[in-house]
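In terms of my numbering, the sequence shown opens at residue 2 and continues consecutively. All residues carry an ideal CB built from backbone N, CA and C; glycine is no exception. Treat the numbers as computed from the prediction; the structure is a model and nothing was measured. To start, the structure itself, in structure tokens.
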Amino acid sequence: MKEVKYRKIVAYLRSAIQAGRYKDGQRLPSEAALVRQFAASRPTVIRALRELQAEGLIDRRVGSGTFVRAGDRLASPAGRTFGLLVPGLADGEIFEPVCVALARHAQSLGHTLLWGDLPGEPGVALEAPTLRLCEGYVRAGVAGVIFSPLEFSSDKDKASRRIVRMLDEAKIPIVLLDRDFVEPPARSSYDLVGVDNHRAGYLLARHLLTLGNRVIHFLGRHGSAPTVRTRVAGYQAALWEHGVTPDAGWVHWGDAGDLPFVRRWMRRGRPDAVVCANDKTAALLMQTLAALRLGVPRDVRVVGVDDLRYAKLLRPALTTVHQPCQLLAAVAMHTLIERLANPSLPPRHVMLAGELVVRQSCGTPAAYST
């Protein structure tokens, strides 16, 4: 219910501002008034206002209230065309709502977002098609590109570097979405908008530890983006914090749907719980465990990251960290437009907080979010 009200407040105020019902510089209803209007809690109202502030639509002034930001709030001439390079769109449902929201934000600001055409079949090599699409954006003279670096291939880093070099040579600004193409803690010289992946891994492991689990494994897929390594670091930090020494043998890289692979490490020493790199991995692992006649959460507790649409439909429903897709899109578009307006700004890394969504796969009977 809290999530529904939060979305309702954001949608109502965004629509009212864009339709001109609230003029530039006009004061919005107070937090108390919004609490009454939507029968929502004050933290829910504040969360909605923070999202609108991140989108560049409002200013929140301590002691004065909340105001519609002036019409030049994004310092961007209308009518620009941007390009979107998301090679993982077909193989990861998390990007679909982000891309849809990016297109909507671009349109609301008078811009156009080109999606291009990349193969839609998971597992198809994406390096060459992504490079060709990038070449097309360069020929089209797009004003900027939002790029999610490649993953799951041996040439992913090389291809990503070729893409950013091509855009640099054409003097086209870049905002990286979700991940960098260099291993942390190193950073490239480009703006990056994503979630706090260290915190995501930490929240999941800490939650499992508070439920009494001590032997907690991590499962990811070979060739994953650097963000997954950051989740591993967060998971291990929580173990250390609770007096559990992480074992190198607790981190596994492979296909969660590969029954012999999963059977091997389950037989070596069955864990109390498994933190999965994402929801897709968690769903596959739950299927494999069922084939091994291991129950979730009875025998092994399983958690993921992303909060995909089907996460709550799994049986048992999946405990996960929610990715704020709408906010990711808004901040990425805002960051790109700011980069165009201020090319000399230093590279920025914007990390958004994911929310822990507790469901039954972790062994907790009641669902809630934190």
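Closest residue to residue i among the options (Cα-Cα distance)
i: Glu339; options: Ile175, His243 and Arg163; result: Ile175
i: Trp251; options: Gly364, Ala226, Gly244 and Val233; result: Val233
i: Leu168; options: Ala141, Lys157 and Ala226; result: Ala141
i: Ala318; options: His106, Arg105 and Pro298; result: Pro298
i: Leu132; options: Asp158, Thr365, Ile164 and Pro344; result: Ile164
i: Gly296; options: Arg48, Gly364 and Arg230; result: Gly364
i: Ala312; options: Ser362, Gln327, Arg269 and Thr228; result: Ser362
i: Lys281; options: Glu94, Leu293, Thr231 and Arg268; result: Glu94
i: Pro185; options: Ala41, Val229 and Ser155; result: Val229
i: Gly57; options: Pro344, Leu328, Pro366 and Val359; result: Leu328
i: Ser109; options: Leu90, Arg294, Pro88 and Arg81; result: Arg81
Close-in-space but distant-in-sequence residues of the same chain around residue i (CB under 7 Å, 5 per side omitted)
i: Thr336; result: Val176, Asp192, Val194, Arg349 and Val351
i: Arg61; result: Leu50, Gln54 and Thr67
i: Leu341; result: Ser77, Ala144, Gly145 and Pro174
i: Tyr23; result: Ala17, Leu29 and Val69
i: Asp307; result: Ile95, Asn279, Asp280, Thr321 and Gln324
Status (buried if at least 16 other CB within 10 Å, exposed otherwise) for residue i
i: Asp25; result: exposed
i: Leu346; result: exposed
i: Pro150; result: buried
i: Pro325; result: buried
i: Leu357; result: buried
i: Leu314; result: exposed
i: Arg200; result: buried
i: Tyr7; result: buried
i: Gly305; result: buried
i: Arg180; result: buried
i: Thr321; result: buried
i: Thr289; result: buried
i: Leu127; result: buried
i: Val99; result: buried
i: Arg1; result: Outside the shown range of the chain (2 to 371) lies residue 1, about which nothing can therefore be said.
6 Å Cβ shell around residue i - same chain, five flanking residues per side excluded
i: Ala333; result: Ile147, Val176, Leu178 and Val194
i: Val183; result: Ser189
i: Ala274; result: Leu209, Asn214, Ile217 and Arg302
i: Tyr203; result: Gly235, Ala238 and Ala239
i: Trp254; result: Gly221 and His223
i: Asp73; result: Residue confidence for Asp73 is low, a pLDDT of 45 falling below 50, so the modelled location carries little weight; the figure read from the coordinates is stated next. Closer than 6 Å at Cβ, skipping near neighbours: no residue.
i: Ala226; result: Glu152 and Arg180
i: Ile10; result: Phe39 and Ala49
i: Val36; result: Arg43 and Val46
The ligand GDP heavy atom lying under 7 Å from the CB of residue i
i: Gly195; result: With respect to the ligand GDP, the structure shown offers nothing to examine, as it has no ligands at all.
Cβ neighbours of residue i in the same chain (closer than 8 Å, five flanking residues each side left out)
i: Leu86; result: Gly117, Thr131, Leu134, Cys135, Tyr138, Val146, Ile147, Phe148, Ser149 and Ile164
*Determine contact between the region 50-58 and the region 10-30, defined as no fewer than three beta-carbon pairs at a distance below 8 Å.*
yes
*How do the region 250-267 and the region 207-222 stand: do at least 3 beta-carbon pairs fall below 8 Å, yes or no?*
yes
*Using 8 Å as the threshold, is the region 196-215 in touch with the region 128-140, meaning 3 or more CB pairs across them?*
no
*Are the region 316-333 and the region 351-367 touching by the rule of at least three beta carbon pairs closer than 8 Å?*
yes
*Quick one: which unbroken alpha helix (DSSP H) runs of 4-plus residues sit fully inside the region 192-243? Chain order, please.*
198-211 and 227-242
*Contained alpha helix (DSSP H) runs [length at least 4] in the region 313-350, N- to C-terminal order*: 326-342
*Could you give the uninterrupted runs of the alpha helix (DSSP H) lying entirely in the region 275-319, keeping only those of 4 residues or more?*
280-292
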